[in-house]
Every structure is written in C-alpha cells, then in structure tokens.
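Heads up: the structure comes next, in structure tokens.
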DNA sequence: AAGAAGGTGAACGGAAGGTGAACAAAAATC
DNA sequence: GATTTTTGTTCACCTTCCGTTCACCTTCTT
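Residue numbers (the numbering used here), protein chains in the order written: chain H, 1 to 224; chain P, 1001 to 1224.
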C-alpha cells in the first residue's frame, strides 16, 4: 500500500485531495502545517508528499527541502495560479513535480503515478472483485480473459463500486465521488450509468452484478 | 560502482564536487575542459556527467549535447547564478537537470540520485515493445527487418509510449515529456503527431497500435 | 391503489479527437 | 547564399462518441 502525505492549510483541499487519492487506492495522511507534516513523516511509512506552497509558518519550499533531503522522498508541490517564479523556486527546492491550482483530481493522480514510477516504487493500482480485475492506471477492466474498455464515468463508477465489494454505497456518495461535490445535474443520471454498466457486465459474467438497494444506493455483489 | 565525471575549469569546484561525491560512495573522474572530458568518456565507464556551463574552449552546452547524444549519458549542468536564458539553453541541449551556483553539496547529491534513478529504465538504450525495437542513441526504429526513420518529435513520442507499453499516458504527460514544461502551443499538435505516427506504423505492423483513451490520453497497444 | 423510487430507451448537444491543408521554421542540398 | 526539402505547428472543418436529459414505464412499499 502506497502512503501519501497531504500538507495544506486549507481543509477543503486536504479533504478533496485525500478523497481522490483514497478512492484510487492510496493510503493518505493529512497535515495542516509543516510541523504536523514532519511528525507524520517520523511516525508513518510515507512514500510521497503533496505539499502546498502557501502555508502559514514554515512554507512549502522549506518543507519540500526537508522532505527531499532529510527523508529522501518525492514531493509534488501545489502552487497558486500560474506564477512562473514559483515554479522555479519549487524546482530549486528539489520538487519532483508541481501542479497549478485549481487542478483536476485526475491530473494529480497522473502526476503521482508518474513520480512514483520514476522512483521505482511499484504502483500497480489494480483491484480485484471476484472475476473483475480493474486496472486504474490503464482504465482497463478484465473479466477472465476478455478486456472491457469503458467510458470514463462508467469506469469511475465501476472502480468505486468494486473498491468495496458487497457493500452498499449511497447514491449521494457515488455522485460525490464520481462527479464531484458541485454536481448539480439530474440525479437520474446515475441511474443511466448504472444501467449501462449492467448491460456491459451481463454478457460477460454472472458472478458480479450491481444490486439496487432501494432508498439507499447500489452494491457490487460478488458471488463466489 | 557508479562513476561520475566532473567537468569544470575551476579547480576549486572540481575538488569540492569530487569530495562530496566520493564521500557518498561514487567514483569520480575530473576534467577541466571538454576535450579532456571526451577522452575520459572514451576510456572509462562513466555513468553520469556533471558539466559547468562556462568553460574556456568548447562550452558546457556543446559538451552536454555530445555527452547525451553520442554517449547516451545523463548530464547535470552547473549554471551561474539565476540566468533564465541559460536554463533554457541547458534544457534544450538535453540536460537532465541543472543546478545553480552556489549550491549545497547535498542538493547536488539529491539531483544525481534522482537522475540516476530516472535513467534506470529509459537508459536501456534499445527498448522493445512487441515487434518494435527502438534505439534511442541512433533515433532508429526497427520493425521486424525494416527500419524507420522518424522526425524527432515523432520519435520522442513513440519512444515515450513504447517505454510503458500497454499503459495509458495522459495527454499532459506526453506533452510535458516531449515538448517540455513551458509548451504553450496548441494542444491539438499532439493529435497531429499521433496521427502521423499511426500512418507510419499501420503499413508495417498490426500488432503495435496507438489507442486513444478518451478524456485521458494514448496507449501503445502490443498484441502478442 | 397510489406514491415513491428506480429502470429504460431515445434523443440532443457538446466535447474530444481525427484529419487535411496551409503555413512557418529549420535543415539539407546545391 | 539561395534553393529545395523536410519537419513542426496551427487552423478549420469533420466525425465520433460520451454524458446528460427527458419522457414514460416498472417495481416496490405501505
């Protein structure tokens, strides 16, 4: 299990990043400032740190220096909107990559993956649920020997459901994870995607099905 | 044992760097100019070169080009204090990293480690993906018995895709790796190069194709 | 039986990518 | 140094496909 430390004074960002990473199979730790970050680094087996530049107290550059030099860990820096100067400073401090806010959660995932690969930390983000094998890196689903290429939303949805097989996930939770907190569209949209997923899974397997739990949400059922 | 070549006309710097590296377990060679550097490169099994920009005679950029292109080795460039122009030139010459004088010895060590790690995989001079055999040193692509001469960008792109076959690379990642961080051009440029690559690959093989993953990026698919 | 929750098929709109051609820049050739 | 050729980028237009919505249907619950 790959562990990632998120250091940002903004609790909203902490939450957002943390959720994104966890739903992709990473273990996350959070810190709101450099001191907290260091105490987490001392205790836990962190593999990579995501660090915000602007923080009260010790700033992100300084923390980056500490993380890279004293702990030998890769760092991804979060910088405010398009300040070239910041980028330079960041790199000078030994950052492995940076990402400019506001950013797509997906983008962050890619960068993390790329950096980990560079560091030779094996990072196979694949998860299995019964016959299903879901490869998050490649957006690929395998059932037995056959591959399934799914549209993005359907893939995200399936991956989410498969991350906790045989367990109900509420409609709200699913929508929030796949569409984001700000989704204001028709809630029926979820139904349609579920329906399409069922259509795709049905011909390939009968041991993995999506069950409706009325008034609550959906559950990926795996029969052994 | 990893061997590092230090090229700088300033004997003080040579000594400083050399000591730092040796005390960290590297074997070091020294050269005071480009000609010396080349003769060392020819004789010894150097793994990485640290090169100063400002040198009498052949300058650091030119030497960097020689080292990367003819010897296929990573280079870390030493530049004088904060000249942005220098950095650009350095990167354009194929540097893997640069460091601004004056620098912390630790900083240099970290960069060297990072670069060497990074070179673990791509440094395999010829890299195979299915029928494809890509020779990074000669910019040559072989498919079965036939050779392919590709324009630089197309080659870079293909080599990058082939370095992780059957794995999706995001559009951003591809652009960043092939064009560099500062690329601000039309993102559609990538499409065109992908298209041209496909046109070239199609008549030669059917077992290696470039797949589009909508909303994400591209993947070099190898069918066995 | 009625209302609520979910299922379903079709259709629309738009985003993402594909493509051909024009243009610009760089390299090679003469 | 002028030319031709190759390479890289941009643009306009086209195609495909995905995500969403909507209207209507079915199932479940009480």
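A virtual CB, placed ideally from N, CA and C, is assigned to each residue, including glycine.
In this text, all values refer to a predicted model and were calculated from it rather than measured experimentally.
Burial state of residue i, where buried means 16 or more other Cβ atoms lie within 10 Å
{"i": "residue 1070 of chain P", "result": "exposed"}
{"i": "residue 39 of chain H", "result": "exposed"}
{"i": "residue 1 of chain H", "result": "exposed"}
{"i": "residue 65 of chain H", "result": "buried"}
{"i": "residue 1012 of chain P", "result": "exposed"}
{"i": "residue 942 of chain P", "result": "Outside the shown range of chain P, which is 1001 to 1224, sits residue 942 of chain P, and nothing can be said about it."}
{"i": "residue 24 of chain H", "result": "buried"}
{"i": "residue 987 of chain P", "result": "Outside the modelled stretch of chain P, which goes from 1001 to 1224, sits residue 987 of chain P, for which no answer is possible."}
{"i": "residue 1138 of chain P", "result": "exposed"}
{"i": "residue 255 of chain H", "result": "Outside the shown range of chain H (1 to 224) lies residue 255 of chain H, about which nothing can therefore be said."}
{"i": "residue 184 of chain H", "result": "exposed"}
{"i": "residue 1186 of chain P", "result": "exposed"}
{"i": "residue 203 of chain H", "result": "exposed"}
{"i": "residue 113 of chain H", "result": "buried"}
{"i": "residue 181 of chain H", "result": "exposed"}
{"i": "residue 216 of chain H", "result": "exposed"}
{"i": "residue 1121 of chain P", "result": "Residue placement at residue 1121 of chain P is flagged as unreliable, the pLDDT there being 41, under the threshold of 50; the coordinate-derived value follows with that caveat. The residue is exposed, with fewer than 16 neighbouring Cβ atoms inside 10 Å."}
{"i": "residue 1170 of chain P", "result": "buried"}
{"i": "residue 1241 of chain P", "result": "With chain P covering only 1001 through 1224, there is no way to say anything about residue 1241 of chain P."}
{"i": "residue 201 of chain H", "result": "buried"}
Rounded C-alpha distance that separates residue i from residue j
{"i": "residue 1199 of chain P", "j": "residue 154 of chain H", "result": "31 Å"}
{"i": "residue 1160 of chain P", "j": "residue 1188 of chain P", "result": "18 Å"}
{"i": "residue 1192 of chain P", "j": "residue 208 of chain H", "result": "41 Å"}
{"i": "residue 1174 of chain P", "j": "residue 221 of chain H", "result": "38 Å"}
{"i": "residue 55 of chain H", "j": "residue 62 of chain H", "result": "11 Å"}
{"i": "residue 1223 of chain P", "j": "residue 111 of chain H", "result": "27 Å"}
{"i": "residue 42 of chain H", "j": "residue 9 of chain H", "result": "20 Å"}
{"i": "residue 30 of chain H", "j": "residue 1146 of chain P", "result": "54 Å"}
{"i": "residue 50 of chain H", "j": "residue 7 of chain H", "result": "6 Å"}
{"i": "residue 140 of chain H", "j": "residue 33 of chain H", "result": "37 Å"}
{"i": "residue 28 of chain H", "j": "residue 4 of chain H", "result": "5 Å"}
{"i": "residue 1044 of chain P", "j": "residue 1037 of chain P", "result": "11 Å"}
{"i": "residue 1163 of chain P", "j": "residue 1130 of chain P", "result": "11 Å"}
{"i": "residue 1166 of chain P", "j": "residue 214 of chain H", "result": "40 Å"}
{"i": "residue 197 of chain H", "j": "residue 210 of chain H", "result": "8 Å"}
{"i": "residue 206 of chain H", "j": "residue 115 of chain H", "result": "38 Å"}
{"i": "residue 1132 of chain P", "j": "residue 136 of chain H", "result": "26 Å"}
{"i": "residue 1082 of chain P", "j": "residue 1053 of chain P", "result": "Interpretation of residue 1082 of chain P is limited by its pLDDT of 48, a score under 50 that renders its predicted location unreliable; the figure taken from the coordinates is listed afterwards. Near 13 Å, if we compare the C-alpha coordinates of residue 1053 of chain P and residue 1082 of chain P."}
{"i": "residue 103 of chain H", "j": "residue 80 of chain H", "result": "10 Å"}
{"i": "residue 1057 of chain P", "j": "residue 1035 of chain P", "result": "9 Å"}
{"i": "residue 195 of chain H", "j": "residue 19 of chain H", "result": "25 Å"}
{"i": "residue 105 of chain H", "j": "residue 26 of chain H", "result": "14 Å"}
{"i": "residue 1015 of chain P", "j": "residue 1190 of chain P", "result": "45 Å"}
{"i": "residue 1142 of chain P", "j": "residue 1067 of chain P", "result": "24 Å"}
{"i": "residue 168 of chain H", "j": "residue 128 of chain H", "result": "17 Å"}
{"i": "residue 144 of chain H", "j": "residue 1144 of chain P", "result": "31 Å"}
{"i": "residue 134 of chain H", "j": "residue 97 of chain H", "result": "27 Å"}
{"i": "residue 75 of chain H", "j": "residue 101 of chain H", "result": "16 Å"}
{"i": "residue 1148 of chain P", "j": "residue 1176 of chain P", "result": "25 Å"}
{"i": "residue 1218 of chain P", "j": "residue 152 of chain H", "result": "14 Å"}
{"i": "residue 126 of chain H", "j": "residue 99 of chain H", "result": "25 Å"}
Beta-ladder partner(s) of residue i, from DSSP
{"i": "residue 147 of chain H", "result": "H:142"}
{"i": "residue 1217 of chain P", "result": "P:1170, P:1213"}
{"i": "residue 115 of chain H", "result": "DSSP lists no partner for residue 115 of chain H."}
{"i": "residue 1027 of chain P", "result": "P:1003"}
{"i": "residue 126 of chain H", "result": "H:135"}
{"i": "residue 208 of chain H", "result": "H:222"}
{"i": "residue 48 of chain H", "result": "H:4"}
Integer Cβ distance of residue i from residue j, believed to fall under 8 Å
{"i": "residue 157 of chain H", "j": "residue 178 of chain H", "result": "5 Å"}
{"i": "residue 77 of chain H", "j": "residue 60 of chain H", "result": "6 Å"}
{"i": "residue 17 of chain H", "j": "residue 108 of chain H", "result": "7 Å"}
Which of the residues in the segment 98-115 of chain H, read from start to end, lie with their CB under 7 Å from any CB of chain P?
-> 107, 110, 114
Can you give me, in chain order, the residues of the segment 1152-1167 of chain P that have a beta carbon less than 9 Å from any beta carbon in chain H?
-> 1164, 1166, 1167
Residues in the segment 130-149 of chain H having any Cβ partner in chain P nearer than 7 Å = 137, 138, 139
Residues of the segment 1029-1058 of chain P with a CB closer than 7 Å to any CB of chain H: list them in chain order, please.
-> none
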